[in-house]
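S.K.: Residue numbers (my numbering), protein chains in the order written: chain A, 1 to 211; chain B, 212 to 422.
There are 2 protein chains.
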Amino acid sequence: MRGSGKISKAVIKRLPRYRRYLDDLMKRGVDRISSNELSNLIGYTASQIRQDLNNFGGFGQQGYGYNVKALHTEISRILGLDRDYKMIIVGCGNLGQALANYTHYYKAGFIVCGMFDINPRLVGLKINDIEVMDYSALDDYLEKTPIDIGIICTNKGSAQEVAEKLVAGKVKGIWNFATVDLTVSDEVALENVHLSDSLQSLAYYISHRDE
Amino acid sequence: MRGSGKISKAVIKRLPRYRRYLDDLMKRGVDRISSNELSNLIGYTASQIRQDLNNFGGFGQQGYGYNVKALHTEISRILGLDRDYKMIIVGCGNLGQALANYTHYYKAGFIVCGMFDINPRLVGLKINDIEVMDYSALDDYLEKTPIDIGIICTNKGSAQEVAEKLVAGKVKGIWNFATVDLTVSDEVALENVHLSDSLQSLAYYISHRDE
Numbered sequence: 001m002r003g004s005g006k007i008s009k010a011v012i013k014r015l016p017r018y019r020r021y022l023d024d025l026m027k028r029g030v031d032r033i034s035s036n037e038l039s040n041l042i043g044y045t046a047s048q049i050r051q052d053l054n055n056f057g058g059f060g061q062q063g064y065g066y067n068v069k070a071l072h073t074e075i076s077r078i079l080g081l082d083r084d085y086k087m088i089i090v091g092c093g094n095l096g097q098a099l100a101n102y103t104h105y106y107k108a109g110f111i112v113c114g115m116f117d118i119n120p121r122l123v124g125l126k127i128n129d130i131e132v133m134d135y136s137a138l139d140d141y142l143e144k145t146p147i148d149i150g151i152i153c154t155n156k157g158s159a160q161e162v163a164e165k166l167v168a169g170k171v172k173g174i175w176n177f178a179t180v181d182l183t184v185s186d187e188v189a190l191e192n193v194h195l196s197d198s199l200q201s202l203a204y205y206i207s208h209r210d211e
Numbered sequence: 212m213r214g215s216g217k218i219s220k221a222v223i224k225r226l227p228r229y230r231r232y233l234d235d236l237m238k239r240g241v242d243r244i245s246s247n248e249l250s251n252l253i254g255y256t257a258s259q260i261r262q263d264l265n266n267f268g269g270f271g272q273q274g275y276g277y278n279v280k281a282l283h284t285e286i287s288r289i290l291g292l293d294r295d296y297k298m299i300i301v302g303c304g305n306l307g308q309a310l311a312n313y314t315h316y317y318k319a320g321f322i323v324c325g326m327f328d329i330n331p332r333l334v335g336l337k338i339n340d341i342e343v344m345d346y347s348a349l350d351d352y353l354e355k356t357p358i359d360i361g362i363i364c365t366n367k368g369s370a371q372e373v374a375e376k377l378v379a380g381k382v383k384g385i386w387n388f389a390t391v392d393l394t395v396s397d398e399v400a401l402e403n404v405h406l407s408d409s410l411q412s413l414a415y416y417i418s419h420r421d422e
């Protein structure tokens, strides 16, 4: 990585958002953009933007601004999007199936290689050409197949056990959709998407909007 | 609301998490818990927990701790979970269908009343007894039916237009799954679930784990 040392979690959280806006700019044929223009688009302050992007070794040039394509390429590289990720999904109910079908991710290099469920009615089902395997085959599968990301879409009661199997099977990251906070080794990256937490925040704002 | 005035966004973001742990404690038959014990469970510091919960008017008693059930009830009430929310889903592809089927939300009082799509192959489809309507019927529907939450599961190109129709149709909150930042009036609550941003953060941590 170019630039200096450790990048804060807050900056990393903002990178996909920068990338999204740069992507739109490229599609609109914009070659370069100042931090002020970027600020108007994204809603972060121009100084925040300059500070964020300085982490990666100053793409901006005084009086010129940022080269949109170069910045997009560099942020993609920093995010690790210049390579593919092999994924498996454990728990193939509605959400697991939706994620499997979410072709958007395939395009971006996130490839579902295997799907697992405990429910005999789901085992054998083909989703996007991937056959759902029995959960009991997970350990063996992971022993033979190097997997980058394990996606957990089980109920919350099973999620910790699944996470432990994934860690034992040497996945590098876990994308957790079960409504529970998992305990995993520090060496494994963990991202939680707690849909019901998000919906409850929305309920809060709705029920307090007239205050 | 009991307690004093305005609660910060950060606290509100933590409330569903408190509620989740309190829910587990209730199921395990735990009646009361100290802020230190709660801290060990949730991972926030005890002083953070006391500070957060003081926002709602001091449920804890020195030397006794928190009454688990009372705290759960109060947090539920503050979150607005003591009432029902009527929801519609716009965009009934994989993710929209998965959210419709996510019965978890029904239990918690989030009720899908209508579904809309522009795709003739989806219009007429029944998902959980709700028939997918044509998108062109959305304005009329909203004029006749008071809806609390509009869920956007369209592609990013259509999301802003859908959001504007929802706002014009007087929804109180928008739960946005399209990979785009929406502009809506301040009076409408907005929660984004940017799945691809989350996946990209995971990619970052995986590709930098050996640094």
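For glycine and all other residues, C-beta sits at the position ideal for the given N, C-alpha and C.
Pull up the CB-CB distance for B/Asp408 and A/Arg17, whole angstroms please, since I reckon it's below 8 Å.
M.R.: Position 197 of the second sequence, counted from the first residue, corresponds to residue 408 of chain B. Position 17 of the first sequence, counted from the first residue, corresponds to residue 17 of chain A. Their Cβ separation, rounded to whole angstroms, is 6 Å, which keeps B/Asp408 and A/Arg17 in contact under 8 Å.
S.K.: A/Gly169 to B/Val323, Cα distance in whole Å?
M.R.: Counting from 1 along the first sequence, the entry for residue 169 of chain A is found at position 169. Counting from 1 along the second sequence, the entry for residue 323 of chain B is found at position 112. Approximately 39 Å between the Cα atoms of the pair.
S.K.: Along chain A, in chain order, which residues have C-beta atoms closer than 7 Å to that of B/Phe321?
M.R.: Your numbering for residue 321 of chain B matches position 110 in the second sequence. Ordered by position in chain A, the residues that pass the 7 Å Cβ test against B/Phe321 are Leu199.
S.K.: Is B/Lys376 helix, strand or coil when you go by DSSP?
M.R.: If you number the second sequence from 1, residue 376 of chain B lands on position 165. Three-state DSSP puts B/Lys376 in a helix.
S.K.: Is the separation between the beta-carbon of B/Gly320 and that of B/Leu349 shorter than 8 Å?
M.R.: As a first step, residue 320 of chain B is located in the second sequence; it is residue number 109 there, counting from the start. As a first step, residue 349 of chain B is located in the second sequence; it is residue number 138 there, counting from the start. Not in contact: B/Gly320 and B/Leu349 (Cβ atoms no closer than 8 Å).
S.K.: For B/Asn312 and chain A, any beta-carbon pair shorter than 8 Å?
M.R.: Start at 1 with the first residue of the second sequence, and residue 312 of chain B comes out as number 101. Yes, contact with chain A.
S.K.: Any idea if B/Val301 is buried or exposed, counting beta-carbon neighbours within 10 angstroms, 16 or more meaning buried?
M.R.: To locate residue 301 of chain B, count along the second sequence from 1; it is residue 90. B/Val301 is buried by the Cβ-count criterion.
S.K.: If you follow the alpha helix (DSSP H) that B/Glu428 is part of, which residue opens it and which one closes it?
M.R.: This structure gives no information on residue 428 of chain B, because the portion of chain B shown stretches from 212 to 422.
S.K.: So, under 8 Å CB-CB, B/Ile338 and B/Asn266 are touching, yes? Tell me the CB distance rounded to an integer number of Å.
M.R.: Reading the second sequence from its first residue, position 127 is the one you call residue 338 of chain B. Reading the second sequence from its first residue, position 55 is the one you call residue 266 of chain B. About 39 Å; that fails the 8 Å criterion.
S.K.: For chain A, check one thing: does any of its Cβ atoms lie closer than 8 Å to the Cβ of B/Asp340?
M.R.: Counting from 1 along the second sequence, the entry for residue 340 of chain B is found at position 129. Chain A contact via Cβ: absent.
S.K.: Any contact of the region 172 to 191 of chain A with the region 274 to 286 of chain B, i.e. 3+ C-beta pairs under 8 Å?
M.R.: No: fewer than three Cβ pairs fall under 8 Å.
S.K.: By how many angstroms is the C-alpha of A/Ile130 removed from the C-alpha of B/Thr365?
M.R.: Locating residue 365 of chain B in the second sequence gives position 154, counting from the first residue. Locating residue 130 of chain A in the first sequence gives position 130, counting from the first residue. In a straight line, the C-alpha of B/Thr365 is about 25 Å away from that of A/Ile130.
S.K.: From the beta carbon of B/Arg213, is the nearest beta carbon of chain A less than 8 Å away?
M.R.: To locate residue 213 of chain B, count along the second sequence from 1; it is residue 2. The pLDDT assigned to B/Arg213 is 41, lower than 50, so where the model puts this residue is not dependable, and the model offers no usable value.
S.K.: Check whether the region 69 to 83 of chain A touches the region 410 to 421 of chain B, taking contact to mean three or more Cβ pairs, one atom from each stretch, closer than 8 Å.
M.R.: Contact holds: three or more Cβ-Cβ distances are below 8 Å.
S.K.: From which residue to which residue does the alpha helix (DSSP H) around A/Lys69 run?
M.R.: Reading the first sequence from its first residue, position 69 is the one you call residue 69 of chain A. From DSSP, the alpha helix (DSSP H) with A/Lys69 extends over Val68 to Ile78.
S.K.: Start and end of the alpha helix (DSSP H) containing A/Leu182?
M.R.: As a first step, residue 182 of chain A is located in the first sequence; it is residue number 182 there, counting from the start. Per DSSP, A/Leu182 belongs to no alpha helix (DSSP H) and is neither H nor E.
S.K.: State the start and end residues of the unbroken beta strand (DSSP E) segment that holds B/Lys431.
M.R.: Since the first residue of chain B shown is 212 and the last is 422, residue 431 of chain B is not available in this structure.
S.K.: Given that B/Asp359 touches chain A, what residues does it touch there, using C-beta distances under 7 Å?
M.R.: Position 148 of the second sequence, counted from the first residue, corresponds to residue 359 of chain B. Within 7 Å Cβ-Cβ: Ile206.
S.K.: In angstroms with no decimal places, state the Cα-to-Cα distance between A/Met26 and B/Ser347.
M.R.: For the purposes of this step, residue 26 of chain A is identified with residue 26 of the first sequence, where counting begins at 1. For the purposes of this step, residue 347 of chain B is identified with residue 136 of the second sequence, where counting begins at 1. Each residue's Cα considered, the two are about 32 Å apart.
S.K.: Are there 16 or more other CB atoms within 10 angstroms of the CB of B/Arg239, so buried, or fewer, so exposed?
M.R.: The residue labelled residue 239 of chain B in the question sits at position 28 within the second sequence. B/Arg239 should be labelled exposed.
S.K.: For my contact list, B/Ile286 and B/Leu233 are in at a C-beta cut-off of 8 Å; report their separation, rounded to the angstrom.
M.R.: Within the second sequence, residue 286 of chain B is the residue found at index 75, counting from 1. Within the second sequence, residue 233 of chain B is the residue found at index 22, counting from 1. Indeed they touch by this definition, with Cβ atoms about 7 Å apart.
S.K.: On a Cα-Cα basis, can you pick out the residue from B/Ala309, B/Val241, B/Arg225 and B/Ala281 that is closest to B/Gly254?
M.R.: Position 43 of the second sequence, counted from the first residue, corresponds to residue 254 of chain B. The shortest Cα separation from B/Gly254 among B/Ala309, B/Val241, B/Arg225 and B/Ala281 belongs to B/Arg225.
S.K.: Looking at the C-beta of A/Lys13, does it have a partner C-beta in chain B at a distance below 8 Å?
M.R.: For this step, residue 13 of chain A is matched to residue 13 along the first sequence. With 8 Å as the cut-off, A/Lys13 counts as an interface residue toward chain B.
S.K.: Under 8 Å between C-beta atoms, does B/Lys337 make it to chain A?
M.R.: The count along the second sequence starts at 1 and reaches residue 337 of chain B at position 126. Judged by the 8 Å Cβ criterion, B/Lys337 is not in contact with chain A.
S.K.: Can you list, in chain order, the residues of the region 183 to 197 of chain A whose Cβ is nearer than 9 Å to any Cβ on chain B?
M.R.: Under the 9 Å Cβ criterion, the region 183 to 197 of chain A contributes Glu187, Val188, Ala189, Leu190, Glu191, Asn192, Val193, His194, Leu195, Ser196 and Asp197.
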